[in-house]
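**Student:**
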Amino acid sequence: MIKKSMWYSIITIAFLGFIVLSIGFYQAIYATTKVTPQPSVITEIPETTGDLTKLPTKNSNSFQVLLLGDSVAKGTGDEKAKGFTGYLPEVFKNITSKEIVINNAAVDGLESLALLEQLQSRRLDKIIADSDFILVSIGGNDVRGILSLNSLAKDDEFKVRQDGYLSSLKQALLHLRTTSPNSTVIFVGLYNPYAKATSAEDTRLLNTWNYNTQQLVEEDGNSIFIPTYDLLKYNLGRYIAQDGLHPNSAGYQALSNRISKSVETILSTT
Amino acid sequence: MFSLIENEVIKMISKKRLLFVFAILIVLISVFAYGQNQTQERTKAQLTQRMGITATDDWRKLADQQLIDMKNRLDSPYRGENSKASLRVRMEQLQYNLDQNINPLEQSAAKFTTRFMEQSIFLFLPLLIIMLAADMVSGESSSGTIKLLLVRNVPRWKILLSKYLTLIILEVIVLFFAFVLSVVISGIFFGFGGWFAPVATGFKVLAGKLDSTSVLNVPQWNYSLMVYSLAFFVAVVVGSISFMISVLVKSTAASIGIIMSTLVAGNFISFFLSDWKVTRYMFMVNLRLTDYLSGSFQPIEGMNMLFSITVLLGWTIASLIISFVYFTKQDILV
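If you read the protein sequences in the order shown, they are chains A and B.
Under the working numbering, the first residue of the first sequence carries the number 8, and numbering increases by one thereafter.
Under the working numbering, the first residue of the second sequence carries the number 268, and numbering increases by one thereafter.
(1) Where residue 424 of chain B and residue 432 of chain B are concerned, what is the direct C-alpha to C-alpha distance, given to the nearest angstrom?
(2) Is any heavy atom of the ligand ATP found at a distance shorter than 6 Å from the C-beta of residue 277 of chain B?
(3) Give the interface partners of residue 542 of chain B over in chain A, defined as CB-CB distance under 7 Å, in chain order.
(4) Which ranges would you report for the alpha helix (DSSP H) in the segment 358-403 of chain B if only whole runs of at least 4 residues count?
(5) Check whether the Cβ atoms of residue 300 of chain B and residue 456 of chain B sit closer than 7 Å, and answer yes or no.
(6) Beta carbons nearer than 9 Å to chain A: which residues of the segment 424-443 of chain B have them?
(7) Can you tell me which residues form a DSSP beta bridge with residue 144 of chain A?
(8) Counting pairs of Cβ atoms below 8 Å between the segment 534-544 of chain B and the segment 398-406 of chain B, do you hit three or more?
(9) Go through its chain and collect everything with a Cβ distance to residue 264 of chain A's Cβ below 7 Å, but skip five positions before and after it.
(10) Tell me which residue opens and which closes the beta strand (DSSP E) that residue 1 of chain A is part of.
(11) Do residue 400 of chain B and residue 442 of chain B have their C-beta atoms closer together than 7 Å?
(12) Which runs of the beta strand (DSSP E), 3 residues or longer, sit entirely within the segment 456-540 of chain B?
(13) Excluding the 5 residues preceding and the 5 following residue 315 of chain A in the sequence, name in chain order all residues of the same chain whose CB lies nearer than 7 Å to its CB.
(14) On the three-pair Cβ rule with 8 Å, is the segment 378-386 of chain B touching the segment 335-343 of chain B?
(15) Quick check: is the beta carbon of residue 124 of chain A nearer than 7 Å to any beta carbon in chain B?
(16) Would residue 258 of chain A pass as an interface residue toward chain D - the criterion being a Cβ-Cβ separation below 7 Å?
(17) Taking only beta-carbon atoms, is residue 216 of chain A less than 7 Å away from chain B?
(18) Answer yes or no: does any C-beta atom of chain B fall closer than 7 Å to that of residue 60 of chain A?
(19) Answer yes or no: do residue 73 of chain A and residue 80 of chain A have a C-beta to C-beta separation smaller than 7 Å?
(20) Taking 7 Å as the threshold (beta carbon to beta carbon), is residue 386 of chain B in contact with chain A?
(21) To the nearest angstrom, report how far apart residue 50 of chain A and residue 131 of chain A are at their CA atoms.
(22) If we count Cβ pairs, one from each stretch, closer than 8 Å, do we get three or more for the segment 411-429 of chain B versus the segment 327-338 of chain B?
(23) Pull up the distance between the alpha-carbon of residue 126 of chain A and that of residue 397 of chain B, whole angstroms please.
(24) At a Cβ cut of 9 Å, what residues of the segment 100-124 of chain A count as close to chain B, listed as they run along the chain?
(25) Does residue 289 of chain B come out as helix, strand or coil in the three-state DSSP assignment?
(26) Suppose you measure from the CA of residue 202 of chain A to the CA of residue 208 of chain A; what does that come to, to the nearest Å?
(27) Between the C-alpha atoms of residue 560 of chain B and residue 69 of chain A, what's the straight-line distance to the nearest angstrom?
(28) By alpha-carbon positions, which one of A:76, A:104, A:136 and A:84 ends up nearest to residue 111 of chain A?
(29) In whole angstroms, give me the CA-to-CA distance for residue 62 of chain A and residue 107 of chain A.
(30) Using the C-alpha atoms, what's the distance from residue 15 of chain A back to residue 463 of chain B?
(31) Can you check which of these residues, A:276, A:255, A:273 and A:235, is closest to residue 328 of chain B by C-alpha distance?
(32) Grouping DSSP H, G and I as helix and E and B as strand, with all else coil, what is residue 96 of chain A?
(33) Name the chain B residues that come within less than 7 Å of residue 83 of chain A, Cβ to Cβ?
(34) Which residues in chain A sit within 7 Å of residue 572 of chain B, going by Cβ to Cβ distance?
(35) Can you give the beta carbon distance from residue 390 of chain B to residue 530 of chain B, rounded, assuming they're within the 8 Å contact cut?
(36) Identify the residues that DSSP records as bridge partners of residue 191 of chain A: which are they?
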């Protein structure tokens, strides 16, 4: 008798289950194979280039600032959604009476090689040529991946990454300089957002990275390396955003202040 | 026919093998749930250590922040349509978390149940099915009971078909219990909610690259249904193949050994997938169907959902044909 009722419950479950699973199976195939019309991909690209060429062209009454690189240049992490785009004009206004025009071409998560590709696509060339200041923040995403490696692999991987990074950066800077011979390149150095959980070894690597970057950036007389490591070291709680990685609003403001102090003379004389 | 199937099902129940399968399920799900629980605690601890206490308690602020960032990214003209679709999907998910006050770090029974099947679809589930399928016919041969079956006035193909349908019924039952058990056990650890949270799916491979232009969110219950359906399909495929081997080989131990070593070998073979093209026609490397849903597969030119399902179907049909032809033609010494 028990076996009989078990048999009936089994056949019911199996029958209902089979129907439900067939529906799910159909849905799964539908979800992964249905073809959606996607003309947007084709129309998107000319649109963006159009946008860029329509931007205000150079005139002597304005300073054009171009932001290039990763999320820090982009302004990610700012709870007021301003970033350098918002704060640089604010602090520059105190020094010069000229209008400040910001073009933000930064992309979240960009690595040095991708920056080089972005530049070599030549879509930005016109803006680069018109810019008076070019702010570059790159390398954070290059170096972040090696933090999790163990100490044996770390040293080697660091050298490999750093070599790749330096050669990409070198070409990127060269591209900027040939496209725009008179602009001032402002390179924002790396800071350490994880001060609480970083070994002395990691700190040494980060300093090496910053040092080599600075050497490379300042080979060019018209470029400046802005350190950020010192500014944020004891102020992580105040300047780092909730995500524990990017600067927050106050952080971007502090960095903008530092940058404006460094280029004060260029701003006020030209 | 109906009574033949009933007979076979009752035979399987009284063999206690099904109970073994359930026992294994209970033990493994409990272990996984406990492990997930531990991992979750550890992740929280790590985040807390790294970013101060705020990360776990103030997740709403963090989520708000991420939403703003993603909105900014969406507005950027420097991003392709490809990444925009996945951004939109992630924004929807975050927004849902905020609206429903669900910490994205928290596990839920729904998430766990889905993940459990996603993890077990390529090895664990097939092994359970093999336990059931591998002795369906060979067990009768080795114990000699096959004679009693065949002397009855029923055509041989009907006997084999009833055995095969019994296997399919048992596959549904195993999946049903895997689902119920994992909901109940993980519910005790993580709470029973989470069935309406949005999950991203709809990834495709275009020209050897992951294409996320048509990504969309589906509710978690629907996603789990799809995962379990694909798992059922995999169960039928593996079941059919082990059924064939069980017809071909007389000893149960040999048939379990053959199909299990094939499965395990499949995990090595998938390493050669990208440069050794023949391997993609093997059934073992096509078992990870759920990866197509979640977009977590390695994009390999020419491999997509339809391809895998076609290959698996081909194997199933081939093994069924072989089983039936062999079983009806072979001599059985009475």
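Every residue gets a Cβ at the ideal spot worked out from N, C-alpha and C, and that includes glycine.
Since we're looking at a predicted model, the values are computed, not measured.
**Tutor:** In brief:
(1) 12 Å
(2) The model depicted lacks the ligand ATP and carries no ligand whatsoever.
(3) Per Cβ cutoff of 7 Å: no residues; residue 542 of chain B is ~24 Å from chain A at best.
(4) 376-387 and 391-400
(5) yes
(6) 435, 436, 437, 438, 439, 440, 442 and 443
(7) A:76
(8) no
(9) 98
(10) Outside the shown range of chain A (8 to 277) lies residue 1 of chain A, about which nothing can therefore be said.
(11) no
(12) 465-468, 471-473, 476-478 and 483-486
(13) In the structure displayed, chain A extends from 8 to 277; residue 315 of chain A sits before or after that span and is not available.
(14) no
(15) no
(16) Among the protein chains of the structure shown, namely A and B, there is no chain D.
(17) no
(18) Unreliable positioning characterises residue 60 of chain A in this predicted model, as indicated by a pLDDT of 43, which lies under 50. The coordinate reading is nonetheless provided below. No - not a single Cβ of chain B is within 7 Å of the one on residue 60 of chain A.
(19) no
(20) no
(21) Residue placement at residue 50 of chain A is poorly supported in this model, since its pLDDT is 35, which falls under 50; the coordinates still yield a value, given next. Taking the straight line from one Cα to the other gives about 19 Å.
(22) no
(23) 56 Å
(24) 111, 112, 113, 114 and 115
(25) helix
(26) 12 Å
(27) 51 Å
(28) A:76
(29) Its pLDDT being 47, under 50, residue 62 of chain A is placed unreliably by the model, and nothing is read from it.
(30) 32 Å
(31) A:255
(32) helix
(33) 336
(34) 36, 39 and 40
(35) 7 Å
(36) A:140
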